[in-house]
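Participant: Residue numbering for the sequence shown follows my numbering, starting at 29 and increasing by one per position. Each residue gets a CB set at the ideal place from its N, CA and C atoms; glycine is no exception. Dropping the structure in here first, questions after.
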Amino acid sequence: MHQPVRVQLLPSGKTLVVERDTPLFDVLFAEGVEFPCGGRGRCKGCKIKVESGTLPIAPEDEQRFTPTELAQGWRLACRAIAVSDITIALAQWEMPVLADEAALEFTPKDGYGIAIDLGTTTVAAQLLDLRTAKVLAVRTDLNAQVRHGADVMSRVEFACASGAAELTQLIRAQLGTMTRELVESGGISGHVKDVVIVGNTVMHHLFCGLDVAPLASYPFESAATGLQTFRASGLGWELPGDPIVTFLPCLGGFVGSDILAGILAVGMHNSDAPVALIDLGTNGEVVVGNRHKIVCASAAAGPAFEGARIAWGMRAATGAIAEVHLEQGKVRCHVLGNVAPRGICGSGLVDAVACGLELGLIKPDGRLQSAERWELCPPVYLTQSDIRQLQLAKAAIAVGQLIVAEHWGTAPGQLERVYLAGAFGNYVRRSSAVRIGLIKSDPDKIVPAGNTALRGAKLALLGPPDQDWSFSWLRARTTHIALSQHPQFQELFAQEMSFGPISR
Ligand code: FES
């Protein structure tokens with residue numbers, strides 16, 4: 029390669045090394061990017077955003093984007109030529125942000141409110157009419173901080189290396205723009221009364237301008253986990269009525285107000301019987317509780333559920349094997365978009381391993397029976413390393429369930445319901461999740477619960493005027509535990525790496 033240039037892709041963080049003057053169209057298709065109009069520069073469906081470096085503006089870019097958008101770095105991937113090192117965010121790679129249309133119980137109030145789920149990868153925000161709880165406008169976006177790391181620990185590292193102020197400024201500016209756009213597209217005439225934000229502990233600290241250093245090293249606990257309030261104008265936001273912006277409090281460790289909101293959303297705090305809420309992500313969370321007592325923990329699962337670090341892994345997009353099942357002993361793959369397979373996403377991976385176990389192609393210890401790789405649906409195959417990645421992820425979540433349930437005083441199999449939060453939890457096949465030991469419950473007790481963080485934020489927004497915004501009652505009955513400090517953690521983790529008989 030004469031003059032190599034580096035193209036870093038966000039949010040995955042993957043770097044491609046290509047020849048200078050390579051059209052991005054040639055290399056991004058293999059990465060799962062779609063070109064809806066065939067790369068003719070007409071549909072804008074392939075848009076990307078330059079986060080650092082330079083990507084020349086093509087004539088089609090000038091036709092499709094406004095001068096402001098061009099200045100912000102938006103380009104058409106199908107017309108882009110890599111002339112130097114760049115970092116680009118792929119808008120198509122935004123995680124599916126689940127719309128939350130579930131009916132809510134609420135107390136009618138005057139004015140408007142905004143609920144925001146501030147995720148590490150994506151941000152989802154809704155404008156609501158507080159009299160009717162009707163959603164008037166929705167905005168979703170890739171978290172502007174992803175250019176400084178795909179996961180919470182890389183954000184913490186960047187912040188500790190004197191990048192904290194930049195991360196705070198980035199996310200405050202982004203949410204300021206999103207809330208202003210919500211108000212504009214909602215066409216409202218009155219005041220915004222409240223803005224409620226939920227997010228994990230790192231997002232909480234970075235938005236609020238708090239020191240993340242305590243989250244960078246053992247015991248990974250910060251004392252500043254409480255509720256934080258701001259005036260919109262103090263954040264530089266232009267909203268009618270200059271509302272109070274409230275970031276709800278964290279529960280401890282890395283377990284933030286997104287999980288507190290999830291507890292509200294699934295009604296755990298009102299339940300007589302113990303139930304579980306599990307958020308399956310790179311940083312997974314496990315909560316077990318009822319109206320008397322709640323125990324929570326975070327579990328470092330790694331990115332396998334998102335298709336990362338898997339040989340043919342990709343997001344759940346056209347060409348991804350999203351489901352695998354057996355038909356008369358033969359493997360059948362369902363590919364999104366009914367096209368030739370281009371890769372496999374998290375739900376397909378869980379299904380595939382469940383089928384491999386059923387067929388005896390994968391042994392209970394995770395080893396492939398007879399070959400180095402399993403040709404699943406050519407050209408897509410699974411390697412030994414792929415299966416290992418899934419074992420690590422599922423073991424982390426499984427140990428979380430065992431230890432949290434034990435701390436509560438029960439066992440995972442005794443729980444009345446297991447709510448799965450988030451996009452992956454919504455799409456994974458329940459029987460496969462149980463078969464590989466990811467969820468330690470009966471399939472019929474598992475309930476896909478959607479975007480519980482956003483729903484919980486809306487419930488907080490719509491609560492009675494005299495509600496306790498600090499949620500001290502809920503925090504007082506919640507115990508956060510550090511899984512790795514459990515005396516049997518290592519032993520349990522080794523045990524849960526197995527796909528063998530399931531202990532509950
Ligand atoms: S693929 Fe349609 S504009 Fe690029």
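(1) What's the C-alpha gap between residue 359 and residue 108?
(2) Alpha carbon to alpha carbon, how far is residue 415 from residue 395? Give it in angstroms, no decimals.
(3) Residue 96: buried (16+ other C-beta within 10 angstroms of its C-beta) or exposed?
(4) What is the rounded straight-line gap between the Cα of residue 346 and the Cα of residue 374?
(5) Is residue 105 near the ligand FES, in the sense that its beta carbon is under 7 Å from a heavy atom of that ligand?
(6) Would residue 125 be called buried (16 or more neighbouring beta carbons within 10 Å of its own) or exposed?
(7) To which residues of the same chain is residue 112 closer than 8 Å at the C-beta, ignoring the five residues directly before and after it?
(8) Going by DSSP in three states, residue 414 sits in which element: helix, strand or coil?
(9) Quick check on residue 277: buried or exposed, where buried means 16 or more other Cβ atoms within 10 Å of its Cβ?
(10) Determine whether the beta carbon atoms of residue 230 and residue 240 lie at a separation below 8 Å.
(11) Evaluate residue 121 with the Cβ neighbour count: other Cβ atoms within 10 Å of its Cβ, from every protein chain shown; 16 or more gives buried, anything less gives exposed.
(12) Just verifying my parser: in three-state terms, what is the DSSP assignment at residue 393?
(13) Which same chain residues, not among the five before or five after residue 184, have their C-beta less than 7 Å away from its C-beta?
(14) Between residue 156 and residue 137, how many whole angstroms is the CB-CB distance? I'm expecting something under 8 Å.
(15) In terms of residue numbering, what span does the alpha helix (DSSP H) encompassing residue 173 cover?
(16) Name the residue from 162, 200, 316 and 154 whose alpha carbon lies nearest to the alpha carbon of residue 173.
(17) Using the three-state DSSP reduction, which class does residue 478 fall into: helix, strand or coil?
(18) Answer yes or no: the CB of residue 236 versus the heavy atoms of the ligand FES, is any distance below 7 Å?
(19) Would you say the beta carbon of residue 63 comes nearer than 7 Å to a heavy atom of the ligand FES?
(20) How do the stretch 299-319 and the stretch 430-447 stand: do at least 3 beta-carbon pairs fall below 8 Å, yes or no?
(21) What runs of the alpha helix (DSSP H), each 4 residues or longer, lie entirely inside the stretch 448-475?
(22) Give the C-beta separation of residue 307 and residue 290 to the nearest angstrom, bearing in mind that I take them to be a contact with Cβ-Cβ under 8 Å.
(23) Going by the beta-carbon positions, is the gap between residue 449 and residue 305 smaller than 8 Å?
(24) Give me the Cα-Cα distance between residue 272 and residue 178, rounded to the nearest whole angstrom.
(25) If you run the structure through DSSP and keep just helix, strand and coil, what is residue 121?
(26) Identify, in the order they occur along the chain, each residue of the same chain with its Cβ nearer than 7 Å to the Cβ of residue 45, setting aside the five sequence neighbours on each side.
(27) Is the beta carbon of residue 533 less than 8 Å from the beta carbon of residue 524?
(28) Indicate, with yes or no, if the ligand ATP has a heavy atom lying under 7 Å from the CB of residue 384.
(29) Whole-angstrom Cβ separation of residue 211 and residue 146, contact assumed at under 8 Å?
(30) How is residue 34 classed by DSSP in three states: helix, strand or coil?
(31) Evaluate residue 42 with the Cβ neighbour count: other Cβ atoms within 10 Å of its Cβ, from every protein chain shown; 16 or more gives buried, anything less gives exposed.
(32) For residue 123, which residues in the same chain have their Cβ closer than 7 Å to its Cβ, ignoring the five residues on either side in sequence?
(33) Does the stretch 295-303 come close enough to the stretch 256-275 that 3 or more CB-CB pairs lie under 8 Å?
(34) Use the C-beta contact count for residue 279: other C-beta atoms within 10 angstroms, 16 or more gives buried, fewer gives exposed.
Facilitator: According to the data block:
(1) The C-alpha of residue 359 lies about 39 Å from the C-alpha of residue 108.
(2) Cα to Cα, the separation comes out at about 8 Å.
(3) Result: exposed.
(4) Residue 346 and residue 374: Cα-Cα distance of roughly 14 Å.
(5) Residue 105 Cβ: within cutoff of the ligand FES.
(6) Any reading at residue 125 needs caution, since the residue's pLDDT is 49, under 50, leaving its predicted position unreliable; the model's value is listed next. With a threshold of 16 other beta carbon atoms within 10 Å, residue 125 meets it and is buried.
(7) Within the same chain, 33, 48, 81 and 82 come within 8 Å of residue 112 by CB-CB distance, once the 5 residues on both sides are set aside.
(8) Helix.
(9) When all chains shown are included, residue 277 counts as buried.
(10) In contact: residue 230 and residue 240 (Cβ atoms closer than 8 Å).
(11) Its pLDDT being 49, under 50, residue 121 is placed unreliably by the model, and the measurement read from it follows with that caveat. Looking at its Cβ environment, which holds 16 or more other Cβ atoms inside 10 Å, residue 121 is buried.
(12) For residue 393, the secondary structure class from DSSP, reduced to helix, strand or coil, is coil.
(13) Answer for residue 184: 230, 240, 243 and 244, listed in chain order.
(14) In fact, because the Cβ distance is near 10 Å, the residues do not count as touching under 8 Å.
(15) Counting along the chain, residue 173 falls outside any alpha helix (DSSP H), and DSSP gives it neither H nor E.
(16) Of 162, 200, 316 and 154, the smallest CA-CA separation from residue 173 is found for 200.
(17) Here residue 478 sits in strand by DSSP.
(18) It does not: the Cβ of residue 236 is nowhere closer than 7 Å to a heavy atom of the ligand FES.
(19) Yes, the Cβ of residue 63 comes within 7 Å of a heavy atom of the ligand FES.
(20) The stretch 299-319 makes contact with the stretch 430-447: 3 or more CB pairs, one atom from each, lie closer than 8 Å.
(21) Here the runs fully enclosed are 450-455 and 458-463.
(22) About 7 Å; that satisfies the 8 Å criterion.
(23) In this structure, residue 305 lies closer than 8 Å to residue 449 by Cβ.
(24) Between the alpha carbons of residue 272 and residue 178 lies a gap of roughly 30 Å.
(25) Confidence in residue 121 is poor, its pLDDT being 49 and thus under 50, which makes the residue's placement too unreliable to answer from.
(26) Taken in chain order, the residues that qualify are 32 and 34.
(27) Nothing about residue 533 can be reported from this structure: the residues present for the chain run from 29 to 532 only.
(28) Ligands displayed in this structure: the ligand FES; the ligand ATP is not among them.
(29) Cβ atoms of residue 211 and residue 146 stay farther apart than 8 Å, at about 18 Å.
(30) In the three-state reduction of the DSSP assignment, residue 34 falls in the strand class, which pools E and B.
(31) The residue in question, residue 42, is exposed, as its Cβ has fewer than 16 Cβ neighbours within 10 Å.
(32) Annotation note: pLDDT 44 at residue 123 (below 50); position unreliable, no value reported.
(33) Two segments are said to touch when three or more pairs of C-beta atoms, one from each, lie closer than 8 Å; by this definition the stretch 256-275 does not touch the stretch 295-303.
(34) Counting Cβ neighbours within 10 Å, residue 279 comes out buried, since at least 16 surround it.
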